[in-house]
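> Could you have a look at this structure, given as C-alpha cells, before my questions?
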Amino acid sequence: MGVSYYLPSLRKPLAGAMVLAIALAGVPAAGIRPAVAQGPESVADLAEGLLDAVVNISTSQKVQQEEEGSPSPTVPDGSPFQELFEDFFKGEGRRGGNQKVNSLGSGFVIDEKGIVVTNNHVIEGADAIEVIFADGSSLPATLVGTDPKTDLSVLKVEPTKPLKAVKFGDSTKIRIGDWVMAIGNPFGLGGSVTVGIVSARGRNINAGPYDNFIQTDAAINKGNSGGPLFNMDGEVIGINTAIISPSGGSIGIGFAVPTELAANIVNQLSEFGETRRGWLGVRIQPVTDEVAKSLNLEKAGGAMIAGIIEGGPITNGEMKPGDVIVSFNGKTVNDTRDLQRIVAESPIGAPVEARVLRDGKEEAVQITLGRLEDQETASVGKADDAPTDDSAASAPDAGSDADANADSVAVLGMTLAYLDDDSRKTYGIGEGVDGLVITEVSPGSGAEKAGLKVGEVVVEIAQEFMATPSDASGRVDALKKEGRRSAHMMIAGPDGNLRFVGVLME
C-alpha cells in the first residue's frame, strides 16, 4: 500500500461506528531517569487556558452535480482527494443540479478583535465560511487574504466582545524532542487536545516552494487542518497542515508550518490582503560535490547563480553567474530552497547583505530586492539540467589534443568546435550565446557524467572565456598541472540559459 500526504480537513460528516482503542503504556526500561522517561506530568492547566482561542471552521460550497448515469470524475490511486471523490459521487447523491458540500477544519484567534488564522485548503473555493467557538457560538467570517504557496489564510469575524487570543512564539528555538500540544477539530468532534514531541525540523515534503515543516507525532487527523501547534509556554509555534498516512488517519507523522515562516505571511495578509515577497531575479542551481571540487570548496553547499533575469533587481553587477551565495540577510544558505525561502521573507526595497564565494574568496555585496510576482518566479534548475533532444555520439578519448589553428579539440571526453553560423543553425543556438559548441560526447567520459550534451556551449572553463578550441585544451592542461581533479565550467543551452558543472579530469 502506498503512503500519501493528506491535508487533514474533513469534507463530510463522520458516518458509521467509531472504534476506540486503548493502548497500555509499557514499563520504563531500567536505568532511565524518571524525569526523562515520563514527560510532562499534566498539560491540563495549559490546555484549559488555550481551548477558548481555538475554533472550528465550517465552510459550504455549491458544486454542479452530475446527472444520473453520467460518468464520475476519477483521481489517481493514492491521491489525498480519492476518498472525497468516491464518497461524494457514489450512491444516491448524484441527482443532477447544484449540490451543497460542507467542509470542516480548525483555526485559532490571534487578535481579540476577530482575526483568525487557518489553512488555505480549509477555505479554498468556499461560498460561505463560519467560525464556531468553544462555547458553541458562531459567527460568519470574511476572507482577508490567502496564500496557497504556504497554505495559510487569514479570516475576520465581527465579535460583540473581545475574543480569547493566542500569540505566536519563536519556532526557531524549538528542539527535536521538545513537547508540543495540538488542539483542533478532528473528524468534526470539536476541541480536542493531543500531545507529542517535535520529531524533526526543516522537513521538505514537496508541498510548496517554501517547505520548512515541523514534524510531530502529536496526533493530527482529518479536521485538524489549520489548528495550532503549541509549545509548553502556550505559544503557537506551528500551524498543523498535513500528515503522512496510508489511510488518512494519524500514524504519528504530522507536519506544521513553523511560525518563523507563518508569522510574516499572516502579518502581510492581515495588513495588505496579499503577500509581498522579495524577488532576487536570478536563476539558481545546486552546488553539487563535483561543482564544489571544481571550485576548490571544502564541501558542497550554498546556491549558485546560473543566470541573471533581464529586467530584474540585479542589473548592475552586484552578482554575476558563477557566484555561490552562502549567506543572505544574515541567514545561512545551505541549498537552493534555503535561498528561495530567505529571499521571499526579506524586505522589499531596502538594502540587504549577501555573502558570495567569488574567485575563491568570500565577498559581501549589497542587494535591493524587488517584489516577487507570480509571472516572475525565479526558476531553479538541477545541476545536470541539459537539453535532451540531441543524442550523444562517440568522441575521441578524454585527453586534450589540439593545435593553435585547429577547428575543434578533443578534451575531457567531448569535442569542442568554433561556434559559427553553421553550428548555430544546426543546433538552434541563439545569437547572444558565445563560446565553443559541443559536437560530440564520449560515453562514460567525465563530460557525459557531468550531463553535458551535444549542442550545448562551453562558455568558460575555470572562469576563463573560451574563444578558440586551443583555449580549452590549454586551460585543461593548466588545471591538470595545478593538480585539480575537476574543471569548473559555465555551460549555455541553445536558448542562452546558463548552468555550471564540474567535469572530472580522469
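If you want the working numbering, it's the 1-based position in the sequence shown plus 3.
Glycine is no exception: its CB is placed at the ideal position from the N, C-alpha and C atoms.
On the DSSP letters alone, give me the boundaries of the beta strand (DSSP E) that residue 503 sits inside.
501–507
> Work out the CA separation of residue 224 and residue 244 for me, nearest whole Å.
Rounded to the nearest angstrom, the gap between the Cα atoms of residue 244 and residue 224 is 10 Å.
> Report the option in 370, 229 and 128 whose CA atom is closest to the CA atom of residue 113.
229
> So, are the CB atoms of residue 232 and residue 183 less than 7 Å apart?
yes
> Who are the near neighbours of residue 435 in its chain, counting only those whose CB is closer than 7 Å to its CB and skipping five residues on each side?
The residues 499, in chain order, have a CB closer than 7 Å to that of residue 435 in the same chain once the five nearest residues on each side in sequence are set aside.
> Determine, using beta carbons only, whether residue 242 and residue 259 come nearer to each other than 7 Å.
In this structure, residue 259 lies closer than 7 Å to residue 242 by Cβ.
> What are the uninterrupted segments assigned as beta strand (DSSP E) that are 3 or more residues long and contained completely in the region 305–381, given in chain order?
306–311, 327–331, 354–361 and 364–371
> According to the neighbour-count rule (16 or more other Cβ atoms, all chains shown, within 10 Å of its Cβ), is residue 280 buried or exposed?
buried
> How is the alpha helix (DSSP H) around residue 271 delimited, first residue to last?
Going by DSSP, residue 271 is part of the alpha helix (DSSP H) stretching over 262–275.
> Tell me whether residue 190 sits in a helix, a strand or coil according to DSSP, three-state version.
helix
> Mapping the DSSP letters down to three states, classify residue 166 as helix, strand or coil.
Residue state, collapsed to three classes: coil.
> Buried or exposed: where does residue 406 fall if 16 or more other Cβ atoms within 10 Å of its Cβ makes it buried?
Because the pLDDT of residue 406 is 44, which lies under 50, any placement of that residue in the model is unreliable, and the number read from its coordinates should be weighed accordingly. Classification of residue 406: exposed, given that the 10 Å Cβ count is below 16.
> Please classify residue 517: is it buried, with 16 or more other beta-carbons within 10 angstroms of its beta-carbon, or exposed?
Residue coverage of the chain in this structure runs from 4 to 509, which leaves residue 517 outside it and unanswerable.
> Any idea which residues DSSP pairs residue 150 with across the strands?
155
> Run through DSSP, which three-state label would residue 497 get?
Residue 497 falls in the coil class under three-state DSSP.
> Can you name the residues that DSSP bridges to residue 142?
The partner list for residue 142 (beta bridge, DSSP) reads 134.
> Please work out which residues of its chain come closer than 8 Å, Cβ to Cβ, to residue 161, disregarding the five sequence neighbours upstream and downstream, and give them in chain order.
117 and 142
> List, from N- to C-terminal side, the beta strand (DSSP E) runs of 3 residues or more that fit wholly inside the region 177–252.
182–187, 195–206, 216–219, 231–233 and 239–248
> In the DSSP assignment, find the alpha helix (DSSP H) that holds residue 125 and state where it starts and stops.
123–126
> Between the alpha carbons of residue 516 and residue 412, how many angstroms are there, rounded?
The structure shown does not extend to residue 516, since the chain spans only 4 to 509, so no value can be given for it.
> So residue 58 packs on residue 136, CB below 8 Å; how close in whole Å?
6 Å
> Does the distance between the C-beta of residue 494 and the nearest non-hydrogen atom of the ligand GTP fall short of 6 Å?
For the ligand GTP, the structure offers nothing, since it holds no ligand at all.
> Just checking my contact of residue 174 with residue 187 at CB under 8 Å: how many whole Å lie between their CB atoms?
Going by Cβ atoms, the distance from residue 174 to residue 187 rounds to 18 Å, so no, they are not a contact pair.
> Could you please give me the residues that DSSP links to residue 286 through a beta bridge?
310
> Going by beta carbon distance, what residues of the same chain come within less than 8 Å of residue 50, once the five residues before and after it are set aside?
Closer than 8 Å at Cβ, skipping near neighbours: 184, 186 and 196.
> Pick helix, strand or coil for residue 65, following the three-state DSSP scheme.
strand
> Taking the alpha carbon of residue 239 as the point to measure from, which residue in 438, 44, 442 and 53 has its own alpha carbon closest?
Ranking 438, 44, 442 and 53 by Cα distance to residue 239 puts 53 first.
> By the DSSP assignment, the alpha helix (DSSP H) with residue 473 in it spans what residues?
For residue 473, the uninterrupted alpha helix (DSSP H) run begins and ends at 472–484, by DSSP.
> List the residues that DSSP assigns as beta-bridge partners of residue 109.
59
> Is the CB-CB distance between residue 306 and residue 336 below 7 Å?
In terms of Cβ geometry, residue 306 and residue 336 form a close pair [threshold 7 Å].
> If residue 256 sits next to residue 339, beta carbons under 8 Å apart, how far is it from one beta carbon to the other, in whole angstroms?
That pair is no contact at about 25 Å.
> Look at the alpha carbon of residue 495 and the alpha carbon of residue 127, and state the distance between them as a whole number of angstroms.
41 Å
> With a Cβ-Cβ cutoff of 7 Å, do residue 444 and residue 450 count as a contact?
yes
> I need the straight-line Cα distance from residue 217 to residue 178, nearest angstrom please.
10 Å
> Skipping 5 residues on each side, what residues in its chain have a beta carbon closer than 7 Å to that of residue 180?
Closer than 7 Å at Cβ, skipping near neighbours: 200 and 201.
> Distance, Cα to Cα, residue 111 vs residue 439?
59 Å
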